[in-house]
Amino acid sequence: QEAAGALLVELGRRFLARVMEELLRRFPPGALPPPGLLRTCADLAASNVFGMVPFLSSILGTLLPLLGTARADSMKCTLCYGKNGQKPGEFPEKTLENSKKNPQ
1 QEAAGALLVE LGRRFLARVM EELLRRFPPG ALPPPGLLRT CADLAASNVF
51 GMVPFLSSIL GTLLPLLGTA RADSMKCTLC YGKNGQKPGE FPEKTLENSK
101 KNPQ
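Using UniProt numbering, the first residue of the sequence shown is number 1, and each one after it goes up by one.
The structure is reproduced here in structure tokens:
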């Protein structure tokens, strides 16, 4: 799963819309997506902060109502991983780094 996720992140650097379209189709209705899918979305967000903005509504609209259903510690850790952008404290650093690359 990690290798497939890494491949999707690399493809997402160039074809983010297509990758996210396919990943969002894999989100099961009414249930939390598999941990590997959430990690891949988090890695995509960390690698392309501004490109992920259009997908935030879809992702958060699906996940927020289901957060209370996360019972297993592994799923809770995965949700924290996604929320923090790989490692605790790394998301703000990635955002700052990307804002320097893409000033608006």
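For every residue, glycine included, the Cβ atom is placed at its ideal position computed from N, Cα and C.
Would you call the CB atoms of Leu44 and Val9 closer than 7 Å?
-> Here residue 44 refers to the residue found at position 44 of the sequence shown. Here residue 9 refers to the residue found at position 9 of the sequence shown. Result yes, Cβ atoms of Leu44 and Val9 sit closer than 7 Å.
Straight-line CA distance for Asp73 to Arg18?
-> In the sequence shown, counting from the first residue as 1, residue 73 sits at position 73. In the sequence shown, counting from the first residue as 1, residue 18 sits at position 18. Roughly 31 Å separates the two Cα atoms.
Kindly give me the distance between the Cβ atoms of Arg25 and Asn48, rounded to whole angstroms, as I take these residues to be in contact under 8 Å.
-> To locate residue 25, count along the sequence shown from 1; it is residue 25. To locate residue 48, count along the sequence shown from 1; it is residue 48. Between Asn48 and Arg25 the Cβ distance is about 19 Å, and since that is not below 8 Å, they are no contact.
Would you grab the beta carbon distance between Met75 and Pro28 for me? Rounded to a whole angstrom, and I think it's under 8 Å.
-> Counted from its first residue, the sequence shown places residue 75 at position 75. Counted from its first residue, the sequence shown places residue 28 at position 28. 13 Å between Cβ atoms; not a contact.
Would you say Gly61 and Leu16 are within 7 Å of each other, going by their C-beta atoms?
-> Here the question's residue 61 lines up with position 61 in the sequence shown. Here the question's residue 16 lines up with position 16 in the sequence shown. Cβ atoms of Gly61 and Leu16: not closer than 7 Å.
Sort Pro33, Thr40, Ala46 by Cα distance to Gln1 and report the nearest one.
-> Residue mapping note: residue 1 aligns to position 1 of the sequence shown, counting from 1. That would be Thr40, whose Cα lies nearest to the Cα of Gln1.
Can you list, in chain order, the residues of its chain whose CB lies under 6 Å from that of Leu66, leaving out five sequence neighbours each side?
-> Along the sequence shown, one-based indexing puts residue 66 at 66. The answer, listed in chain order, is Leu32.
Helix or strand or just coil, what does DSSP make of Ala70?
-> Numbered from its first residue, the sequence shown carries residue 70 at position 70. Ala70 falls in the coil class under three-state DSSP.
So, is Pro88 buried or exposed, given that buried needs 16 or more other C-beta atoms within 10 angstroms?
-> Sequence index remark: in the sequence shown, residue 88 carries index 88 (1-based). Below a pLDDT of 50, predicted positions are generally treated as unreliable, and Pro88, at 48, falls in that range; no measurement from the model is reported.
Please state whether DSSP places Leu32 in a helix, a strand or coil.
-> Numbered from 1 along the sequence shown, position 32 holds the residue referred to as residue 32. Coil at Leu32, not helix or strand.
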